[in-house]
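Novice: Sharing a structure with you now.
Structure (structure tokens):
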């Protein structure tokens, strides 16, 4: 009997299934093939729609920037203070009274939607996020459009999938599909989007949704490229690593990046709850005050920290800044982003993280060029590596950070130093601050969502762990008799009586490798009307034990014990060979000892 | 019929899941129409924005949109 993916037994007659799709009754008991085709078709629409919305979002940010601040950002221009302050007040009013769920970056909200609200994100939240973030970034707040784009994609996904009356489990799975599309469209980087969503939102490589995420990410990215072209986000000159000794500079960058990420995230996690606890009326003045402070930074001589900052990254890549200015810009960007984010202004952390990393990396590259000019490679290599370093250490997405650097630069020649620097930064950040920043925010908001780092590091038990448990850990494997199907019933009964298991378990092992496990009671019932010389293989029903191998997760065996008293573990190389026999007691003992 | 049956069979005249299949077809058609409409809206928005950029003397090629306007550090 086939089993549908939503756990509904497939043995129901057609009429039963049909009646449950009528209005007023649960609608999600539908053929598996319908869900399969919806998971193939809908991601394409979700990807295109998310891509189109993100395109409009990106245009709005730039349009607002040009309209509110103008073509040039000159220190000493009063617009740089007035505009963020005034728009900050408007955004605060919008967030406070019209779109309360639009605060923050969007990653946490998407995760919360997936794990708490069955994948639901309202259109109101989506529009609030679009309007609030576009206004804030357009006015010069030091925030990014990527994380909000991720939430916009998830909201589109939620709205579209809900029209098809799918099961709650399937609706939950659609949230990351749209998230990947939104992020891909914002970043022009589908692989990064895919990896980030898998690494940070979903938390595991679930094959059932992976294909849909890929489809959506590609669709969203294709739409973005349709409008903005194929050029990578950053224009990087030819890069190379001249001398292996240069890796020491990248290792230093990793250490510096890890420390910077700790300071950045530590400040945010300290300030955010303190500001949130202030009286409600202060929530209206926090964003404008933050806007004024950010504007003041620009007014006093550092307008680079305002807005998204990608143009400044491009300038840094091309070596237009000195090392002192680079360090100052990195520090001021952290300050400006912290002010904007903790005040509750909608906006993301991706772009500021890349900015800080880029400035830090370029500064270290500059110093290398001054102190050890014979070892220094192109400065752009350090800028790129720096971006990856902060991404790995601050956002705690080590795998994504490497691919992100490669994808946004379109350059693959500095993989080794990027991996080295990212790993060092990630390990430092994790060592001194085990809770990633977005997880800390989630906890501050009173939610307990699964930690992706914990999931990654969770040690999963496998069948072989129970099968070959070390001495003293759990009970030794009982010697359950394994008999060929030709064995007469009389002998099989004797073997069952002699079985070390209390239920008189035996396993019948067929020449093709399949098996059947049964206790003495079942054997007696099956053989009640048969001659004692009948071969036991002839008495057994047609169903067979599931195919299980030592490398499979141990928890997959648990539900089989409702149908079978013992399981046969087979050898992948020799299908007819037996690796061992597993009982429920062995499995539970192994978990108990773990 | 079982739950694992091919959903495409539901187009059969007396099939119990015919209503669901028709609902899906209508929903997908509406979705396709909304997508086309959104394409048109985004296209118009993009061209309006490009006209605005041109009026400011900025390039209207496919320069990535999220960049700061020309910036000079003094």
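Chains as they are written, first to last, in our numbering: chain A, 102 to 695; chain B, 948 to 1021. Even for Gly, the Cβ is constructed at its ideal location relative to N, Cα and C. Please read all numbers here as calculations on a predicted model, not as lab measurements.
1. Pop quiz: residue 195(A) and residue 233(A) are said to be a contact at Cβ under 8 Å. What is the actual Cβ separation, rounded to whole angstroms?
2. Exposed or buried, which one is residue 644(A) when buried takes at least 16 other CB atoms within 10 Å?
3. Tell me which residues of the segment 978–992 of chain B have at least one Cβ-Cβ distance to chain A shorter than 9 Å, keeping chain order.
4. Quick one: Cα of residue 453(A) to Cα of residue 433(A), how far?
5. Taking only runs that begin and end inside the segment 426–501 of chain A, name each unbroken beta strand (DSSP E) of 3 or more residues, in chain order.
6. Is the beta carbon of residue 161(A) less than 9 Å from the beta carbon of residue 282(A)?
7. Does the beta carbon of residue 71(A) sit closer than 9 Å to a beta carbon anywhere in chain B?
8. Which residues in the same chain as residue 605(A) place their Cβ atom closer than 7 Å to its Cβ, once the five residues preceding and following it in sequence are excluded?
9. Out of 511(A), 523(A), 208(A), 180(A), state which residue places its alpha-carbon closest to the alpha-carbon of residue 301(A).
10. Nearest to residue 456(A) by CA position, among 583(A), 317(A), 431(A), 464(A), is which residue?
11. Determine the extent of the beta strand (DSSP E) in which residue 679(A) is found, giving its start and end residues.
12. Spatial neighbours of residue 1029(B) within its chain, please: C-beta separation below 6 Å, excluding the five flanking residues on both sides.
13. How far does the beta strand (DSSP E) with residue 618(A) in it extend, from its first residue to its last?
14. Using 10 angstroms around the beta-carbon of residue 401(A), count the other beta-carbons present and answer buried if the total reaches 16, otherwise exposed.
15. Name, going along the chain, the residues of the segment 250–279 of chain A whose beta-carbon falls closer than 7 Å to a beta-carbon of chain B.
16. According to a CB-to-CB cut-off of less than 9 Å, which residues of the segment 185–202 of chain A neighbour chain B?
17. For residue 460(A) versus residue 365(A), is the C-beta spacing smaller than 9 Å?
18. Thinking C-beta only, is residue 443(A) closer than 9 Å to residue 359(A)?
19. Can you round the beta-carbon distance between residue 485(A) and residue 502(A) to whole angstroms, since I take them to be within the 8 Å contact cut?
20. Taking all protein chains shown into account, do 16 or more other C-beta atoms lie within 10 angstroms of the C-beta of residue 684(A), making it buried, or fewer, making it exposed?
21. What does residue 595(A) reach in chain B if we use C-beta pairs closer than 8 Å?
22. Relative to the ligand COA, is the shortest distance from any of its heavy atoms to the C-beta of residue 682(A) smaller than 8 Å?
23. Within 10 angstroms of the Cβ of residue 198(A), are there 16 or more other Cβ atoms? Answer buried if so, exposed if not.
24. Determine the chain B residues that contact residue 424(A) at a beta-carbon separation under 7 Å, and present them in chain order.
25. Among residues of its own chain, excluding the 5 on either side of residue 217(A), which ones have a beta-carbon nearer than 7 Å to its beta-carbon?
26. Near residue 269(A), what residues of its chain come up, given a Cβ to Cβ distance below 6 Å and the 5 sequence neighbours on each side ignored?
27. Are the C-beta atoms of residue 972(B) and some chain A residue less than 9 Å apart?
28. Would you verify that the beta carbon of residue 964(B) is, or is not, closer than 9 Å to some beta carbon of chain A?
29. Along the segment 459–491 of chain A, what residues have a CB closer than 8 Å to any CB found in chain B?
30. Between the segment 519–536 of chain A and the segment 616–635 of chain A, can you find at least three pairs of beta-carbon atoms closer than 8 Å?
31. From the DSSP output, which residues share a beta bridge with residue 318(A)?
32. Okay, do the segment 274–293 of chain A and the segment 469–483 of chain A touch, 3+ Cβ pairs below 8 Å being the bar?
33. Which residues, in order along the segment 144–160 of chain A, keep a beta-carbon less than 8 Å from a beta-carbon of chain B?
34. In terms of residues, what are the limits of the beta strand (DSSP E) holding residue 607(A)?
Specialist: Considering the structure as presented:
1. Counting from 1 along the first chain, the entry for residue 195(A) is found at position 94. Counting from 1 along the first chain, the entry for residue 233(A) is found at position 132. That pair is a contact at about 6 Å.
2. Against the first chain, residue 644(A) aligns to sequence position 543. Exposed, by the Cβ-count rule.
3. 978, 979, 981, 982, 985, 986, 988, 989, 990, 992
4. Position 352 of the first chain, counted from the first residue, corresponds to residue 453(A). Position 332 of the first chain, counted from the first residue, corresponds to residue 433(A). One Cα belongs to residue 453(A), the other to residue 433(A), and the distance between them is close to 11 Å.
5. none
6. Translated into the one-based positions of the first chain, residue 161(A) becomes position 60. Translated into the one-based positions of the first chain, residue 282(A) becomes position 181. No; because the gap between Cβ atoms is not below 9 Å, this pair is not in contact.
7. Lying outside 102 to 695, the shown extent of chain A, residue 71(A) is not represented and no answer is given.
8. Sequence index remark: in the first chain, residue 605(A) carries index 504 (1-based). These residues qualify, in order along the chain: 597, 598, 620, 621.
9. One-based indexing of the first chain puts residue 301(A) at position 200. The shortest Cα separation from residue 301(A) among 511(A), 523(A), 208(A), 180(A) belongs to 208(A).
10. Here residue 456(A) refers to the residue found at position 355 of the first chain. Of the listed residues, the one whose Cα sits closest to residue 456(A) is 431(A).
11. Counting from 1 along the first chain, the entry for residue 679(A) is found at position 578. Residues 679–684.
12. Residue 1029(B) lies beyond the range of chain B shown here (948 to 1021); nothing can be said about it.
13. Here residue 618(A) corresponds to residue number 517 of the first chain, with the count starting at 1. Here the beta strand (DSSP E) through residue 618(A) covers 616–619.
14. As a first step, residue 401(A) is located in the first chain; it is residue number 300 there, counting from the start. Exposed is the call here.
15. 261, 264, 265
16. none
17. For the purposes of this step, residue 460(A) is identified with residue 359 of the first chain, where counting begins at 1. For the purposes of this step, residue 365(A) is identified with residue 264 of the first chain, where counting begins at 1. The criterion of a C-beta distance shorter than 9 Å is not satisfied by residue 460(A) and residue 365(A).
18. Taking the first chain and counting its residues from 1, the one referred to as residue 359(A) is at position 258. Taking the first chain and counting its residues from 1, the one referred to as residue 443(A) is at position 342. Contact flag unset, no.
19. For the purposes of this step, residue 485(A) is taken as residue 384 along the first chain, with counting starting at 1. For the purposes of this step, residue 502(A) is taken as residue 401 along the first chain, with counting starting at 1. Their Cβ separation, rounded to whole angstroms, is 11 Å, which puts residue 485(A) and residue 502(A) out of contact at 8 Å.
20. The residue labelled residue 684(A) in the question sits at position 583 within the first chain. Of the other Cβ atoms in all chains shown, 16 or more fall within 10 Å of the Cβ of residue 684(A); this residue is therefore buried.
21. Counting from 1 along the first chain, the entry for residue 595(A) is found at position 494. Chain B residues near residue 595(A): none, gap ~42 Å exceeds 8 Å.
22. In the structure on display, the ligand COA does not appear, and there are no ligands present to speak of.
23. Locating residue 198(A) in the first chain gives position 97, where the first residue counts as 1. Per the 10 Å Cβ criterion, exposed.
24. Against the first chain, residue 424(A) aligns to sequence position 323. The premise fails here: residue 424(A) is roughly 14 Å from chain B at the closest Cβ pair, so nothing lies under 7 Å.
25. Position 116 of the first chain, counted from the first residue, corresponds to residue 217(A). Here the set comprises 548.
26. Translated into the one-based positions of the first chain, residue 269(A) becomes position 168. Excluding sequence neighbours, residue 269(A) sits near 219.
27. Here residue 972(B) refers to the residue found at position 25 when the second chain is read from its first residue. Closer than 9 Å: no.
28. One-based indexing of the second chain puts residue 964(B) at position 17. Closer than 9 Å: yes.
29. none
30. With the rule of 3 Cβ pairs closer than 8 Å, the segment 616–635 of chain A does not count as touching the segment 519–536 of chain A.
31. For this step, residue 318(A) is matched to residue 217 along the first chain. According to DSSP, residue pairing for residue 318(A) in a beta bridge does not occur.
32. no
33. 146, 149, 150, 153, 154, 156, 157, 159, 160
34. Here residue 607(A) is taken as the residue at index 506 of the first chain, counted from 1. Per DSSP, residue 607(A) is one residue of the beta strand (DSSP E) stretching across 607–610.
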